[in-house]
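Note that the protein sequences, when read in sequence, are chains F and E.
Mapping the first sequence onto the UniProt record's numbering, position 277 (from 1) lands on 277, and the numbers just tick up by one.
Mapping the second sequence onto the UniProt record's numbering, position 80 (from 1) lands on 80, and the numbers just tick up by one.
Virtual Cβ for every residue (Gly too), placed ideally from N, Cα, C.
All values derive from a computational prediction rather than experimental measurement.
Reviewing the structure listed below.
Number of protein chains: 2
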Amino acid sequence: MLTISQRGIAMPASPIRKLVPFAEAAKKKGLTVYHLNIGQPDIETPPAIMDAVRNVQMPVLEYSHSAGNESYRRKLTTYYKKLGIEVDYDEIMITTGGSEAIRFAFLTCLDEGDEVLIPEPLYANYLGFACEAGVRVVAVPSSIEDGFALPPTDVFARYITDKTKAILICNPNNPTGYLYSREEIEAIGKICKERHLYLLGDEAYREFCYGDTDHTSVLHIAGLEEHAILLDTISKRYSACGARIGALVTKNKKVLESALKFAQARLSPPGLAQILGEAAIDLPADYFDTIKEEYLQRRNLLVSRLNSMEGVFCPNPGGAFYAMARLPIDDCDKFCQWLLEAFSYHNQTLMLAPGTGFYATPGLGKNEVRLAYVINQTAISNAMDCLETALKVYPGRTI
Amino acid sequence: MLTISQRGIAMPASPIRKLVPFAEAAKKKGLTVYHLNIGQPDIETPPAIMDAVRNVQMPVLEYSHSAGNESYRRKLTTYYKKLGIEVDYDEIMITTGGSEAIRFAFLTCLDEGDEVLIPEPLYANYLGFACEAGVRVVAVPSSIEDGFALPPTDVFARYITDKTKAILICNPNNPTGYLYSREEIEAIGKICKERHLYLLGDEAYREFCYGDTDHTSVLHIAGLEEHAILLDTISKRYSACGARIGALVTKNKKVLESALKFAQARLSPPGLAQILGEAAIDLPADYFDTIKEEYLQRRNLLVSRLNSMEGVFCPNPGGAFYAMARLPIDDCDKFCQWLLEAFSYHNQTLMLAPGTGFYATPGLGKNEVRLAYVINQTAISNAMDCLETALKVYPGRTI
């Protein structure tokens, strides 16, 4: 009999996409559905970078270098330099989205059966890439009461075994929006040095930090050069999720050498999108200011509305464009489906991402949801009206 | 100590790229280097499909569906229909190049330690993807004397074990250019049915067939619907290697379901390049005629020149734009390096791909080279002058 591989069966389905049919059915009924469920920003892709693609002169759309166009990599060094990250162009490998950077890091640093520690809740697709690579994700619980801060280092250390090869930190965090302080990144770096672990830094949202705290990159920490691998992407930075351009950046030559072999097998990253990525380096210095201000207003609105609802708790996230909230509900998967299937308020409803999808530990996150503030403030306000009403009538409410 | 994974170490480096520094040095010395080493066509990317990208109107470059844009997949059904392949749009998954289609097929059909049979010589990157997925490539030898035809089915059957899950056929073949007949594809299909194996068909070069024999797809064979997985790409078809757009096409719903989970983890295939791919379906029906004629002339020139050289044998390839030739030399790796390092003829030399890089079995292919006829006829003619001269003076010549 023809069989599907064990990993193909074990591979997790997207926790967000399983609600899509219910959202489609709600829209067919004529409802407005506010999408707070997915990290697809509504911000315009900068016209200047789309123009760079429109003006492309290239008689043959050839393979690029497997590590990406040298001109792009050289320009990226100036982008990183402004952030206080000193790297040479050959320490940068252009990848097909941040996704591929994560994949190459897993393949290079871990073998089948090896373990990577990740604070939980976590970006769901880490579990997919781990399954693909036969790697075990060991989730280190962080708590909503602490606003999802880094677990104390002694707690972290307790999870390290002979199989542990790396710690992965998403900063600012998806799904929690938590912005790790320099002290926290240094503390985790110290563990990595002591225990000979790689520190993988997923910094997809670094431009979106809202407080006085500056963003700390894994590449900012002195003495951690051999351990730190930056996993980057232009998806959120320039609202160019569909481009599929990311980067793996490290000073560790052996990691680069191994990652390049994986990169050579797939020949090259997308060519047209590299042009777009390269053009983005020339965006004016104030490009992020307006966008950050907009996200900040949205966050403030969303978080204050949530915390004003009875029984709801939402820590104030310091970055990214996500918030995790605890709701007075029995089961977030049921609740999110019910919102789409059985609820409406003035002919509107909302779509949320169930918290369970972001926990590797079964049973956790059952009364949590992730909200992405990627819709405008009027829409957020309307969505919060819906949520407030829904929580008063949901059959599985716990207060 | 920080360690690189075993698979990162085992991952093969590109056999072609290791000669690149020698080619660069030759050029620095002022030599003209004819590149017959790599499958990067010199054919212009059709301006009409580049224009489709130039004219893109898309305020936000969003994630596409993980299986690719529905409009593109619907249009692709018309492309396949013209080839006699009847598929629904939801039996097509757009991938990041043909590379990702191969990767998804390996991950879905095989587990760590499982085996895939592939006629040898073979496309070198299969070995990379297999290493990445922990899959074992079992090479079934084909012979230059038979023009690299499919090994007899009883020979094939001898290589099947309990671990064998799939047979992979590249048709027309890279690196040999061999075009499998309908009888051969049916014979291999019969083994797959009897032994419950997947038949993976890499058909990247299907448009480039030069004889009276029509191309036979794995999806042409009746009764093989559950077994056949077509691995496709626009790279060679439309000279758009840098776009990174391919497809995995199958009627097997379970395979599609599993592959979709791997696709969801990486979110979506490249967005700009999907526009280019979709536009390509509207190219005039005679688009391939001129290009095919050009490749045919080049093949005829290349093969006749090769076979007129003393001690050289090159079977006449029926498709793709590659030929494998046996040369009167001691060691193709040494010879190819020597051509770049120590030889010149009228200030010119040529770059070839050593045959050894296309064999999984150590020691095979030592007196073979692959030649890609992706340069114009004048250049081919000059390159053949160089080769002919080189073979007379190469210190390791065997006649």
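As for any beta strand (DSSP E) of minimum length 3 sitting wholly inside the region 332-371 of chain E, the runs are 348-351, ordered along the chain. Assignment of F/F148 by DSSP, reduced to helix, strand and coil, places it in the coil class.
Residue-level contact by beta carbon fails for F/T164 and chain E, as no gap is shorter than 8 angstroms. A Cβ-Cβ contact shorter than 8 angstroms links E/G97 with F/R266. If you check each beta-carbon in the region 227-240 of chain E against every beta-carbon of chain F, the ones closer than 7 angstroms belong to H227, S239 and A240.
Closest in alpha carbon position to E/P269, among E/L150, E/A101, E/E207 and E/Y178, is E/A101.
Membership of F/L256 in the alpha helix (DSSP H) is indicated by the continuous run K253 to A265. Closer than 7 angstroms at the C-beta level to chain F, one finds these residues of the region 120-135 of chain E: N125, G128, F129, E132 and G134.
Contact annotation: the region 273-293 of chain E touches the region 70-78 of chain E, with at least three C-beta pairs closer than 8 angstroms. The beta-carbon of F/Y287 is placed no less than 8 angstroms from the nearest beta-carbon of chain E. When secondary structure is reduced to three states using DSSP, F/K236 falls in the coil class, being assigned neither helix nor strand. Chain-ordered, the chain F residues with CB closer than 7 angstroms to the CB of E/C109 read S5. According to the DSSP secondary-structure assignment, F/M324 is paired through a beta bridge with F/R370.
The beta carbon of F/N382 is closer than 7 angstroms to those of Y34 and Q348 in its chain, skipping five residues each way along the sequence. One alpha carbon belongs to F/A139, the other to F/Y359, and they sit about 8 angstroms apart. In the DSSP assignment, E/Y34 falls within the unbroken beta strand (DSSP E) covering T32 to H35.
Measuring C-alpha to C-alpha distances from E/K254 to each of E/G8, E/Q57 and E/T108 identifies E/T108 as the nearest. Under the three-state reduction of DSSP output, F/E112 falls in the coil class, being neither helix nor strand. Non-local C-beta neighbours of E/A133 in its own chain, meaning closer than 8 angstroms and more than five positions away in sequence, comprise R103, F106, L107, L110 and E112, ordered along the chain. Distance from the CA of E/T45 to the CA of F/P59, rounded to the nearest whole angstrom, comes to 6 angstroms. Among the residues of the region 193-226 of chain E, those with a Cβ less than 9 angstroms away from any Cβ of chain F are H196, L197, Y198 and E226, in the order of the chain. Here DSSP, grouped into helix, strand and coil, assigns F/Y126 to helix. Per the DSSP secondary-structure output, E/P175 pairs with nothing in a beta bridge. Assigned with DSSP and collapsed to three states, E/R206 falls in coil, not helix or strand. Taking every protein chain shown into account, the CB of E/R7 has 16 or more other CB atoms within 10 angstroms, so this residue is buried. In the three-state reduction of the DSSP assignment, E/M93 falls in the strand class, which pools E and B. Taking C-beta atoms as the reference points, F/V87 and F/V303 fail to come closer than 8 angstroms. The CB of E/F358 never comes closer than 9 angstroms to any CB in chain F; the least such distance is about 14 angstroms. Interface criterion not met: the Cβ of E/G246 is under 8 angstroms from no Cβ in chain F. Note on F/G189: 16 or more other CB atoms within 10 angstroms of its CB, so buried under the neighbour-count rule. Within the DSSP bridge table, the entry for F/I118 names F/A139 as partners. When the five nearest sequence neighbours on each side are left out, the beta carbons in the same chain lying within less than 7 angstroms of the beta carbon of F/Q40 are those of C241 and V374, in order along the chain. If the five residues before and after F/S64 are omitted, its C-beta is found closer than 7 angstroms to the C-beta atoms of S268, P269, G271 and Q274, all from its own chain and listed in chain order. For chain F, the residues of the region 9-23 of chain E that bring a beta carbon within less than 8 angstroms of one of its beta carbons are I9, M11, P12, A13, S14 and R17, in chain order. For E/L61, the closest Cβ of chain F is nearer than 8 angstroms. For E/L387, the enclosing alpha helix (DSSP H) starts and ends at Q377 to V393.
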